[in-house]
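Chemist: One structure, as structure tokens, below. Some questions next.
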């Protein structure tokens, strides 16, 4: 590792907030209090009680403002002269009838960011407001924590930040009716475990490639053993012996040894089948000899967002002690250039015996995933395989940042994954694969070319992957447009890496579709 910068130790995968859940007591409110309102300035029942107890202060201020209780709208009332209460913040949840799963989370992202800007340290949220058909206070509390965590996340480890700009928000107290306290506290603990996984993924994606490489991902995977995850690592020699030649071909130009990380969590007990999730872990992508233009190379530290999501998912599932059997796999390589690196027109024999003509060294993620999936299907015989990867610019062009692309040979998996996507806000759009796309991958010298023509790039990439799963139920998530929140407009309104996939996959696996 002679060419690497001095090792910078980075704390990875921690929640921002400490959360307490208590029974509602208006007398105990202090510091910053968050109340909730619906469209048309209808205060929630608890907010109305608070307002009444304080001479209609909130209603008076609302009348003087442009606040209407619309979704994500915020009214900030500083120094309201209410004794121990220093600030009242009212968050709009939109039309009561329209509140569904995800509504509160989305509004809470905005709330988290606003509170951070106000420099608030401690907050008490007066819950017990949501009694719509689809959302109860327990679920709303979970979404409040999840959304605030997403909004509060920062990646400041590598730069100096003045005291006044450092994130201050650290403590959240949720007040619910006493009958909900226990269930809310339990669900909040589960959310914290998921947040830790999500933030691990975000930290790894945000980390530059001289700090986060295959060695780093291996280190992070090994830490999961403390949570009860079985971790197996294959490096250069083991990968050569096993015959993952496509994966190895991508890493030939790098000074960092490649890695295949295999993580097992057996939460559903013995005898139950495993599901496998495989992540693309290209820690930096220059494009190889089909080199990217300078602008196209910026941000390619994030080409391992799929592998980061798998690590984050394993951390979340183990932290939640989920009753699922899952194998998380990360194919970790770096697509660099030297005298050993793969050339265009080279032919490689894949793990499953198919020969592949490398017509574009920048269509490398599919080589990593193809071998990793074929290997794990051969060794572990999983009931199904999902792969997650920042795979194609074509998918970004088609879907932008609002949806990831979903390709599958299993209608059951499509339905389950799309439902999990809607629930978590990590949404998926179903796109086609079929013989028409496979035909575009024909080669004159090998079984397959690693690239199709100019068009349908997301579909031809998925068609290529389908050649390596045989008859196993399989789904492919192309997260190129959604892995980094700021890469293209229209995505999640959060900072840096999104951690896309951690919450989605955790939900999908726990739902047991």
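In the working numbering, the protein residues as written are 39 to 551. Note that CB positions come from ideal geometry on N, CA and C, so glycine has one too. On a predicted model such as this, the values are computed, not experimentally measured, just so you know.
#1: Which residue from 102, 219, 187 puts its Cα closest to that of residue 62?
#2: Sorted by chain position, which residues of the same chain lie with C-beta nearer than 8 Å to residue 327's C-beta, five sequence neighbours on each side aside?
#3: Residue 295 to residue 272, Cα distance in whole Å?
#4: Is residue 236 helix, strand or coil when you go by DSSP?
#5: On the three-pair Cβ rule with 8 Å, is the segment 287-305 touching the segment 262-269?
#6: Residue 428 and residue 517: beta carbons closer than 8 Å?
#7: Buried or exposed: where does residue 513 fall if 16 or more other Cβ atoms within 10 Å of its Cβ makes it buried?
#8: In the DSSP assignment, find the beta strand (DSSP E) that holds residue 114 and state where it starts and stops.
#9: So residue 395 and residue 487 are supposed to be a Cβ contact under 8 Å. How far apart are they, rounded?
#10: Select from 546, 80, 422 the residue whose C-alpha is nearest the C-alpha of residue 97.
#11: As a quick exercise: from 475, 453, 478, 476, pick the residue whose alpha carbon is nearest that of residue 468.
#12: Sorted by chain position, which residues of the same chain lie with C-beta nearer than 6 Å to residue 284's C-beta, five sequence neighbours on each side aside?
#13: Answer yes if the segment 492-511 comes into contact with the segment 531-539, meaning at least three C-beta pairs across the two stretches below 8 Å, and no otherwise.
#14: What are the residues that DSSP puts in a beta bridge with residue 125?
#15: Compare the Cα-Cα distances from residue 149 to each of 71, 123, 483 and report the closest residue.
#16: In terms of residue numbering, what span does the beta strand (DSSP E) encompassing residue 419 cover?
#17: Assuming the contact rule is C-beta atoms closer than 8 Å, residue 292 and residue 199 should be a hit. Round their C-beta distance to whole Å, please.
#18: Could you have a look at residue 430 and say whether DSSP puts it in helix, strand or coil?
#19: In the DSSP output, which residue or residues are listed as bridge partners for residue 76?
#20: Comparing C-alpha positions only, which one of 317, 196, 397 sits nearest to residue 485?
#21: What three-state label does DSSP hand residue 375 in the structure shown?
#22: Within the continuous alpha helix (DSSP H) that includes residue 179, where are the two ends?
#23: Is the separation between the beta-carbon of residue 158 and that of residue 207 shorter than 8 Å?
#24: Have a look at 118, 110, 313 and flag the residue whose alpha-carbon is nearest the alpha-carbon of residue 93.
#25: When DSSP builds the beta bridges, which residues end up paired with residue 226?
#26: Just the C-alpha distance for residue 324 and residue 287, rounded to the nearest angstrom, thanks.
#27: Is there a Cβ from chain B that is less than 8 Å from the Cβ of residue 78?
#28: Out of 242, 82, 494, 120, state which residue places its alpha-carbon closest to the alpha-carbon of residue 132.
#29: Which residue marks the beginning of the beta strand (DSSP E) containing residue 319, and which one marks its end?
#30: By alpha-carbon positions, which one of 367, 417, 420 ends up nearest to residue 348?
#31: Counting pairs of Cβ atoms below 8 Å between the segment 188-202 and the segment 308-322, do you hit three or more?
#32: Candidates 363, 344, 264, 373: which alpha carbon is nearest residue 329's?
#33: Measure the CB-CB distance between residue 145 and residue 129 and report whether it falls below 8 Å.
#34: From the DSSP output, in three-state form, read off residue 471 for me.
#35: Do residue 85 and residue 75 have their C-beta atoms closer together than 8 Å?
#36: Label residue 422 either buried or exposed according to how many other C-beta atoms from any shown protein chain fall within 10 Å of its C-beta, with 16 as the threshold for buried.
Modeler: Per the coordinate set shown:
#1: Position 24 of the chain shown, counted from the first residue, corresponds to residue 62. Of the candidates 102, 219, 187, the one whose C-alpha sits nearest the C-alpha of residue 62 is 219.
#2: Stepping through the chain shown from its first residue, residue 327 is reached at position 289. 375, 379, 380, 381, 382, 399.
#3: Position 257 of the chain shown, counting from 1, holds the residue named residue 295. Position 234 of the chain shown, counting from 1, holds the residue named residue 272. Their backbone Cα atoms lie some 10 Å apart in a straight line.
#4: Here residue 236 refers to the residue found at position 198 when the chain shown is read from its first residue. Reduced to three states, the DSSP call for residue 236 is helix.
#5: Yes, the segment 287-305 is in contact with the segment 262-269.
#6: Sequence index remark: in the chain shown, residue 428 carries index 390 (1-based). Sequence index remark: in the chain shown, residue 517 carries index 479 (1-based). Contact flag set, yes.
#7: As a working mapping, residue 513 is identified with position 475 in the chain shown. Counting every other CB atom within 10 Å of its CB across the protein chains shown gives residue 513 a total of 16 or more, marking it as buried.
#8: On the chain shown, residue 114 is found 76 positions in, with the first residue counted as 1. It spans 112-120 - the beta strand (DSSP E) in which residue 114 sits, taken as one unbroken run.
#9: On the chain shown, residue 395 is found 357 positions in, with the first residue counted as 1. On the chain shown, residue 487 is found 449 positions in, with the first residue counted as 1. The beta-carbon distance between residue 395 and residue 487, rounded to whole angstroms, is 5 Å. This is short enough to meet the 8 Å contact definition.
#10: As a first step, residue 97 is located in the chain shown; it is residue number 59 there, counting from the start. Among 546, 80, 422, the Cα nearest to that of residue 97 is on 80.
#11: What you label residue 468 is simply residue 430 of the chain shown in a count that begins at 1. Closest by alpha carbon: 453.
#12: One-based indexing of the chain shown puts residue 284 at position 246. Close CB contacts of residue 284 within its chain, under the 6 Å cut and outside five residues either way in sequence, are with 386, 388, 405, 408, 409 (chain order).
#13: Put simply, the segment 531-539 does not touch the segment 492-511. Fewer than three CB pairs are less than 8 Å apart.
#14: Against the chain shown, residue 125 aligns to sequence position 87. Checking the DSSP bridge columns, you'll see residue 125 partnered with 70, 116.
#15: Stepping through the chain shown from its first residue, residue 149 is reached at position 111. Considering only alpha carbons, the answer is 71.
#16: Taking the chain shown and counting its residues from 1, the one referred to as residue 419 is at position 381. Per DSSP, residue 419 belongs to no beta strand (DSSP E) and is neither H nor E.
#17: Within the chain shown, residue 292 is the residue found at index 254, counting from 1. Within the chain shown, residue 199 is the residue found at index 161, counting from 1. About 32 Å separates the beta carbon of residue 292 from that of residue 199, a gap too long to meet the 8 Å contact definition.
#18: Residue 430 sits at position 392 when you count from the first residue of the chain shown. Reduced to three states, the DSSP call for residue 430 is coil.
#19: Indexing the chain shown from 1 puts residue 76 at position 38. As computed with DSSP, residue 76 is found in a beta bridge with 80.
#20: The sequence position of residue 485 within the chain shown is 447, counting from 1. Residue 397 is the option with its Cα nearest to residue 485.
#21: The residue labelled residue 375 in the question sits at position 337 within the chain shown. In the three-state scheme derived from DSSP, where H, G and I count as helix and E and B as strand, residue 375 is classed as coil.
#22: Within the chain shown, the letter at position 141 stands for residue 179. First-last of the alpha helix (DSSP H) with residue 179: 175-190.
#23: Numbered from its first residue, the chain shown carries residue 158 at position 120. Numbered from its first residue, the chain shown carries residue 207 at position 169. Their beta carbons are under 8 Å apart, which means residue 158 touches residue 207 by this criterion.
#24: One-based indexing of the chain shown puts residue 93 at position 55. The candidate whose alpha carbon is nearest that of residue 93 is 118.
#25: Residue numbering aside, residue 226 sits at position 188 when the chain shown is read from its first letter. Residue 226 is not bridged to any residue.
#26: Position 286 of the chain shown holds residue 324. Position 249 of the chain shown holds residue 287. So the alpha carbons of these two residues sit roughly 14 Å apart.
#27: The structure shown contains no chain B; it holds only a single protein chain.
#28: Locating residue 132 in the chain shown gives position 94, where the first residue counts as 1. Per the Cα distances, 82.
#29: Working through the chain shown from its first residue, we reach residue 319 at position 281. For residue 319, the enclosing beta strand (DSSP E) starts and ends at 313-323.
#30: Walking along the chain shown from the start, residue 348 turns up at place 310. Nearest option by C-alpha distance: 367.
#31: Too few Cβ pairs lie closer than 8 Å, so no.
#32: Taking the first residue of the chain shown as position 1, residue 329 is located at position 291. Taking only the C-alpha atoms, the option nearest residue 329 is 373.
#33: Along the chain shown, one-based indexing puts residue 145 at 107. Along the chain shown, one-based indexing puts residue 129 at 91. Going by C-beta atoms, residue 145 is nearer than 8 Å to residue 129.
#34: Translated into the one-based positions of the chain shown, residue 471 becomes position 433. Residue state, collapsed to three classes: coil.
#35: Along the chain shown, read from residue 1 onward, the residue named residue 85 stands at position 47. Along the chain shown, read from residue 1 onward, the residue named residue 75 stands at position 37. Yes; because the gap between Cβ atoms is below 8 Å, this pair is in contact.
#36: Taking the chain shown and counting its residues from 1, one reaches residue 422 at position 384. By the Cβ-count criterion, residue 422 is buried, with 16 or more other Cβ atoms from all chains shown falling within 10 Å of its own Cβ.
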